[in-house]
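One structure is given here, and the rest of the page talks about it.
In our numbering, the protein residues as written are 5 to 159.
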């Protein structure tokens, strides 16, 4: 099971890398913005607002952070990365649902669906009382605290 879980963590990272890499620079975000608008228009799912410097900045910040987070999970996937990614996906789902409720383009539903699936798949193993992931996280957290306490005591 742990090997399968790490494959899910890595798969979610590849999805994030592919979907958000275009958000990481102003030049690529302009292309992504145009592609999303063309798709939204063609499918009757709405369009994004006109580009402005603040929107581009926030898109670039989000894209940059998610690309780095994705690369970490691809290069060094750990079970705890799945926990934190699942929590992040719950937050992204909440904010995407909020945006949809307030008139965001309906193509956002496609992204929201993927967020929900990866979030649930990565969080369920941690919800089980005494499950292996919960025990492993507790053990590593306790070890980290003990190590920090020993370092603070000094020689």
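Each residue gets a CB set at the ideal place from its N, CA and C atoms; glycine is no exception. Remember, it's a predicted structure, so these values are computed and weren't measured experimentally.
Please state whether DSSP places residue i in a helix, a strand or coil.
{"i": "residue 54", "result": "coil"}
{"i": "residue 108", "result": "coil"}
{"i": "residue 44", "result": "helix"}
{"i": "residue 77", "result": "helix"}
{"i": "residue 114", "result": "helix"}
{"i": "residue 14", "result": "helix"}
By alpha-carbon positions, which one of the options ends up nearest to residue i?
{"i": "residue 48", "options": "132, 126, 125 and 110", "result": "110"}
{"i": "residue 24", "options": "71, 12, 100 and 35", "result": "71"}
{"i": "residue 6", "options": "28, 46, 57 and 82", "result": "82"}
{"i": "residue 28", "options": "68, 59 and 56", "result": "68"}
{"i": "residue 104", "options": "38, 42, 50 and 22", "result": "50"}
Rounded to the nearest angstrom, what separates residue i and residue j at their Cα positions?
{"i": "residue 15", "j": "residue 52", "result": "28 Å"}
{"i": "residue 98", "j": "residue 20", "result": "17 Å"}
{"i": "residue 54", "j": "residue 118", "result": "26 Å"}
{"i": "residue 63", "j": "residue 132", "result": "35 Å"}
{"i": "residue 9", "j": "residue 45", "result": "38 Å"}
{"i": "residue 17", "j": "residue 32", "result": "20 Å"}
{"i": "residue 106", "j": "residue 61", "result": "22 Å"}
{"i": "residue 4", "j": "residue 96", "result": "The structure shown does not extend to residue 4, since the chain is modelled only from 5 through 159, so no value can be given for it."}
Which residue comes first and which comes last in the alpha helix (DSSP H) that contains residue i?
{"i": "residue 29", "result": "From DSSP, residue 29 is part of no alpha helix (DSSP H); its letter is neither H nor E."}
{"i": "residue 104", "result": "83 to 105"}
ask   = At a cut of 8 Å, does the region 116 to 127 reach the region 76 to 92 through at least three beta carbon pairs?
value = yes
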